[in-house]
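Undergrad:
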Amino acid sequence: MKAFEHYAPDSVEELLELLKSKPNAKLIAGGTDLLLQMKEGTAQPETVVSLKNVEELGGFSVSKNGYRLGTGMTLRRITRSNELTQNFPGLIYAAGVVASEQIRSLATLGGNICNASPSADMVPPLIALDAVVQLVSSQSQRELPLSEFFKGPGESVLKSGEILHSIFLPQPSGSMIYSKHAPRKYMDLAVVGVAVRLAKKHGKINEARVALGAVGPVPFRAEKTEALLAGQTLTTELMREAGEMAAGECVPIDDIRGSAWYRKRMVKVHVRRNLEALR
Amino acid sequence: MKKIISFTVNGAKQELYLDTRKTLLKMLREDLELMGVHLGCGGGDCGACTVLLNGEPVTSCLVLAVDCEGAEITTVEGVQQNGELHPLQQSMIEKGGIQCGFCTPGMVMNSLALLRENPQPTETEVRQALSGNLCRCTGYAKIVEAVLDVGNAMTNSKEAG
Numbered sequence: 001m002k003a004f005e006h007y008a009p010d011s012v013e014e015l016l017e018l019l020k021s022k023p024n025a026k027l028i029a030g031g032t033d034l035l036l037q038m039k040e041g042t043a044q045p046e047t048v049v050s051l052k053n054v055e056e057l058g059g060f061s062v063s064k065n066g067y068r069l070g071t072g073m074t075l076r077r078i079t080r081s082n083e084l085t086q087n088f089p090g091l092i093y094a095a096g097v098v099a100s101e102q103i104r105s106l107a108t109l110g111g112n113i114c115n116a117s118p119s120a121d122m123v124p125p126l127i128a129l130d131a132v133v134q135l136v137s138s139q140s141q142r143e144l145p146l147s148e149f150f151k152g153p154g155e156s157v158l159k160s161g162e163i164l165h166s167i168f169l170p171q172p173s174g175s176m177i178y179s180k181h182a183p184r185k186y187m188d189l190a191v192v193g194v195a196v197r198l199a200k201k202h203g204k205i206n207e208a209r210v211a212l213g214a215v216g217p218v219p220f221r222a223e224k225t226e227a228l229l230a231g232q233t234l235t236t237e238l239m240r241e242a243g244e245m246a247a248g249e250c251v252p253i254d255d256i257r258g259s260a261w262y263r264k265r266m267v268k269v270h271v272r273r274n275l276e277a278l279r
Numbered sequence: 001m002k003k004i005i006s007f008t009v010n011g012a013k014q015e016l017y018l019d020t021r022k023t024l025l026k027m028l029r030e031d032l033e034l035m036g037v038h039l040g041c042g043g044g045d046c047g048a049c050t051v052l053l054n055g056e057p058v059t060s061c062l063v064l065a066v067d068c069e070g071a072e073i074t075t076v077e078g079v080q081q082n083g084e085l086h087p088l089q090q091s092m093i094e095k096g097g098i099q100c101g102f103c104t105p106g107m108v109m110n111s112l113a114l115l116r117e118n119p120q121p122t123e124t125e126v127r128q129a130l131s132g133n134l135c136r137c138t139g140y141a142k143i144v145e146a147v148l149d150v151g152n153a154m155t156n157s158k159e160a161g
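So the protein lines, in turn, are chains W and A.
Heads up: the first sequence runs through residues 1 to 279, numbered per the working numbering.
Heads up: the second sequence runs through residues 1 to 161, numbered per the working numbering.
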């Protein structure tokens, strides 16, 4: 591993100020991805800035509009929150199927997002919940839907000197389910990750979200499938059609975890199953 | 590059001058000679290096030592109570949960974290909690049995007295 200088600022202000003078610094939160890359030599930062002491990033707050989650929250902490579990059971399920207990004690919400892996388990559920990301730098502050945060595998819209400060989740409407397809029950990456949220009114769907992971360069919303579902009554036929349409919206690759053909098939199955569970 | 860092390991305060590249695992083994912390995969997959960091189980191969400023760390060496094996360690021996012993410290530390939070876990809960600890000898059955058994025993002894 290449030698690096290490800083551990105590506040967001201090952190942003530091990033101004060290534009190429790498931020380390849990380190479960970055440290691996540094060991392998695929990342060779000269400066590492730890987020562990920045308390402001570590918790969550509630307002009448929704929830603001600090990106420094570890996945373990998220799974242990009764309030989040009550309001976002599908999201908490997703946090609990990431890697292992030991990794979840280290890995953070922000790290899972900023690593920008197409298979990140937290991302499809957050997108389905209409999550908004707050990006902050010493000069600016901006908000955008999480679905617009990713540019490609490992790439996001974050600029130099900018950090992912928090995630805003509106008060949940309807129910959301995330399902992860992987050969192993635990300690595995998603071959396919499917989050579906439906809000119903008088027996009809008035809002549908279908967010897919590991079946394209970035996690994304299957908007045609959402449009197909909106305003409809959920029938067996519609669930089958929605599965097929979602499979058609994917652009997966063949890799060691699964072929593109297989991934599309699994999207079809998981979209249908999640809809059945939400009926 | 080096940095001074202070923290507590197994109840004793420590202050060390460390290379920023050093992982918590290497620091515990090389600087403090706590050889119960085992290096398996070095990538967070096998769990042999599991220690408790502020009470939570972590793979110490994926933690920078310099990120542990002010932390409380417990390794398997700090689990014994007044010179006696912890009931969980005793149970691992009695149930045959140890064969080659390489995974054992990690298994013990992760199980301990589970039992502190959930003193009477179900078999599924034990298997789920230990999913990040690989064992190539026992087939897991005896380890799971050892954890389940000590959970019951610890609860019973508390009720008894």
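Glycine is no exception: its CB is placed at the ideal position from the N, C-alpha and C atoms.
1) Just how far apart, CA to CA, sit LEU69(W) and PRO118(W)?
2) Looking at chain W, which residues of the region 34 to 58 of chain A have a Cβ within less than 8 Å of any of its Cβ atoms?
3) In terms of DSSP beta bridges, what is HIS181(W) paired with?
4) Runs of 4 residues minimum, wholly inside the region 212 to 276 of chain W: which ones carry the alpha helix (DSSP H) assignment?
5) ARG142(W) by DSSP, collapsed to three states: which one?
6) Please report the residue range of the alpha helix (DSSP H) in which THR124(A) lies.
7) Under the three-state reduction of DSSP, which class applies to VAL147(A): helix, strand or coil?
8) Can you tell me whether MET266(W) is buried or exposed, with buried defined as 16 or more other CB within 10 angstroms of its CB?
9) Give every residue of the same chain whose Cβ lies closer than 7 Å to the Cβ of HIS270(W), excluding the five residues on either side of it in the sequence, and list them in chain order.
10) In whole angstroms, give me the CA-to-CA distance for GLN81(A) and THR75(A).
11) Check the Cβ of GLY132(A) against every Cβ in chain W and list those closer than 8 Å, keeping chain order.
12) Within its chain, find whatever has a CB closer than 6 Å to the CB of ASP188(W); leave out the 5 residues flanking it on each side and keep chain order.
13) Of all Cβ atoms in chain A, is any one closer than 8 Å to the Cβ of PHE220(W)?
14) Quick one, which of LEU130(A), LEU115(A), ASN54(A) and GLY139(A) has its alpha-carbon nearest ASP149(A)'s?
15) Applying the 10 Å Cβ sphere with the 16-neighbour rule, what's the burial state of GLY152(W)?
16) Going along chain W, which residues have a C-beta under 8 Å from THR20(A)?
17) Specify the secondary structure class of ILE92(W) as computed by DSSP and reduced to three states.
18) Using a Cβ-Cβ distance under 8 Å, would LYS39(W) count as near chain A?
19) Grouping DSSP H, G and I as helix and E and B as strand, with all else coil, what is THR79(W)?
20) Quick one: grab the DSSP three-state call for MET1(W).
TA: According to the structure shown:
1) In the first sequence, counting from the first residue as 1, residue 69(W) sits at position 69. In the first sequence, counting from the first residue as 1, residue 118(W) sits at position 118. Approximately 21 Å between the Cα atoms of the pair.
2) GLY42, GLY43, GLY44, ASP45, GLY47, THR50, LEU53, GLU56, PRO57 and VAL58
3) Start at 1 with the first residue of the first sequence, and residue 181(W) comes out as number 181. According to DSSP, which records beta bridges pairwise, HIS181(W) is partnered with VAL192(W).
4) 223 to 229 and 236 to 249
5) Start at 1 with the first residue of the first sequence, and residue 142(W) comes out as number 142. Three-state DSSP puts ARG142(W) in a strand.
6) Here residue 124(A) is taken as the residue at index 124 of the second sequence, counted from 1. Counting along the chain, the alpha helix (DSSP H) containing THR124(A) begins and ends at 123 to 129.
7) Numbered from its first residue, the second sequence carries residue 147(A) at position 147. If DSSP states are grouped into helix, strand and coil, VAL147(A) belongs with the helices.
8) Looking up residue 266(W) in the first sequence gives position 266. Buried: at least 16 other Cβ atoms inside 10 Å.
9) To locate residue 270(W), count along the first sequence from 1; it is residue 270. Closer than 7 Å at Cβ, skipping near neighbours: SER179, HIS181, VAL192 and VAL194.
10) Working through the second sequence from its first residue, we reach residue 81(A) at position 81. Working through the second sequence from its first residue, we reach residue 75(A) at position 75. Their backbone Cα atoms lie some 13 Å apart in a straight line.
11) By one-based count along the second sequence, residue 132(A) stands at place 132. Those within 8 Å of GLY132(A) in chain W are ALA99, SER100, GLU101, GLN102, ILE103, TYR186 and MET187.
12) Position 188 of the first sequence, counted from the start, is the residue given in the question as residue 188(W). Same-chain partners within the cutoff: ALA182.
13) Taking the first residue of the first sequence as 1, we reach residue 220(W) at position 220. Judged by the 8 Å Cβ criterion, PHE220(W) is not in contact with chain A.
14) Numbered from 1 along the second sequence, position 149 holds the residue referred to as residue 149(A). ASP149(A) has its Cα closest to that of LEU115(A), out of LEU130(A), LEU115(A), ASN54(A) and GLY139(A).
15) Walking along the first sequence from the start, residue 152(W) turns up at place 152. Flag for GLY152(W) reads exposed.
16) One-based indexing of the second sequence puts residue 20(A) at position 20. Simply ALA3, PHE4, GLU5, HIS6 and VAL48.
17) Against the first sequence, residue 92(W) aligns to sequence position 92. Helix.
18) Walking along the first sequence from the start, residue 39(W) turns up at place 39. Yes, contact with chain A.
19) Indexing the first sequence from 1 puts residue 79(W) at position 79. If DSSP states are grouped into helix, strand and coil, THR79(W) belongs with the helices.
20) In the first sequence, the residue the question calls residue 1(W) occupies position 1. Reduced to three states, the DSSP call for MET1(W) is coil.
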